[in-house]
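J.:
Numbering (the working numbering), first residue to last: 2 to 298.
#1: Is residue 92 helix, strand or coil when you go by DSSP?
#2: Who are residue 49's beta bridge partners in DSSP?
#3: Nearest-angstrom Cα distance between residue 164 and residue 232?
#4: May I ask you to report which of helix, strand or coil DSSP gives residue 290?
#5: Assuming contact is defined by CB atoms lying nearer than 9 Å, are residue 49 and residue 173 in contact in what I supplied?
#6: Just curious, the alpha helix (DSSP H) that residue 1 is in, first and last residue?
#7: How many angstroms separate the CA atom of residue 78 from the CA atom of residue 272?
#8: Report yes if the C-beta distance between residue 94 and residue 176 is below 9 Å; otherwise report no.
#9: Out of curiosity, what's the CA-to-CA distance linking residue 17 and residue 294?
#10: Closest by CA to residue 274, which one among 19, 205, 137 and 64?
#11: Taking the straight line between their C-alpha atoms, what separation do you get for residue 88 and residue 226?
#12: If you draw a straight line from the C-alpha of residue 143 to the C-alpha of residue 199, how long is it?
#13: When DSSP labels each residue in this structure, what does residue 138 get in the three-state scheme?
#14: Mark residue 36 as exposed unless 16 or more other C-beta atoms lie within 10 angstroms of its C-beta, in which case mark it buried.
#15: Based on the DSSP output, what are the partners of residue 57 in its beta bridges?
#16: Which residue from 73, 118, 15 and 217 puts its Cα closest to that of residue 178?
#17: In this structure, how does DSSP classify residue 161 when only helix, strand and coil are distinguished?
#18: Which residue wins for smallest C-alpha separation from residue 60, given the options 270, 289 and 207?
#19: Counting C-beta neighbours from all protein chains within 10 Å, is the total for residue 288 16 or more, i.e. buried, or is it exposed?
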């Protein structure tokens, strides 16, 4: 009995690889690409949760955004929050990483304890720090009164300056372990031979740090700073739990403004337009991140 011969052509390696990736591409398109494109299109419509349907309005939403007297304050708040949080958490994370890198007794236990607050949900962290900064029964006021530094309670979350400082501290406390983990890995990757050679040549600790450690860690420092900025640009939960963007919009960032426009004012079109600007801002930092990765590879 003769065997049937199939005349169909064989798949190339690239075609076979595409077929294997097709399920992942379908999921990516359904849960990431489609919502992103839909949100972008929504930014050019008057869609609202208060009425059905939507109409194309061109650049009207963007015009409303830039004519809003409060939008400049939102961008300033976002810049202050991102800059202060990134700088503070990076600095503290670097210092703590250098302490743990000394190989002291119990350093592994301290490393594990430090990572705990990274896995705590942001909402829980927000409630924790809201309790610490509470103007009536907060831990901070009780501590300062006990030390005799204040006579009356301070409403930390009720003042514009101290409210921003409070959310910065809370967010920095959350992200410090993330910086510590990456920077500690970078410190441990510094060639020990270079450090020893510098010490033999009479270099001080500061000289070893500036001439050996920092140059070897330049790449990882740049990457985690870019990722930190992107993460802080997207941050929402701690700010919303602690202040809801107040007082007087002093802590309203782009993330908070988008939430307010969409789910309090029901202006989905305007919220989507702000989201478009938000994505463009994040894309700038993502571009530098990807370009630096390609350059290193």
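Beta carbons: idealized from backbone N, C-alpha and C, even for Gly.
T.: With the given structure in hand:
#1: Residue 92: helix per DSSP, three-state reduction.
#2: 52
#3: 20 Å
#4: helix
#5: Contact flag unset, no.
#6: This structure gives no information on residue 1, because the portion of the chain shown stretches from 2 to 298.
#7: 17 Å
#8: yes
#9: For residue 17 and residue 294, the gap between their C-alpha atoms comes out near 28 Å.
#10: 64
#11: 9 Å
#12: 49 Å
#13: coil
#14: Residue 36 sits exposed, since fewer than 16 C-beta atoms from the chains shown fall within 10 Å of its C-beta.
#15: Beta bridge pairing from DSSP links residue 57 with 46.
#16: 118
#17: Helix at residue 161.
#18: 270
#19: It is exposed - the Cβ of residue 288 has fewer than 16 other Cβ atoms within 10 Å.
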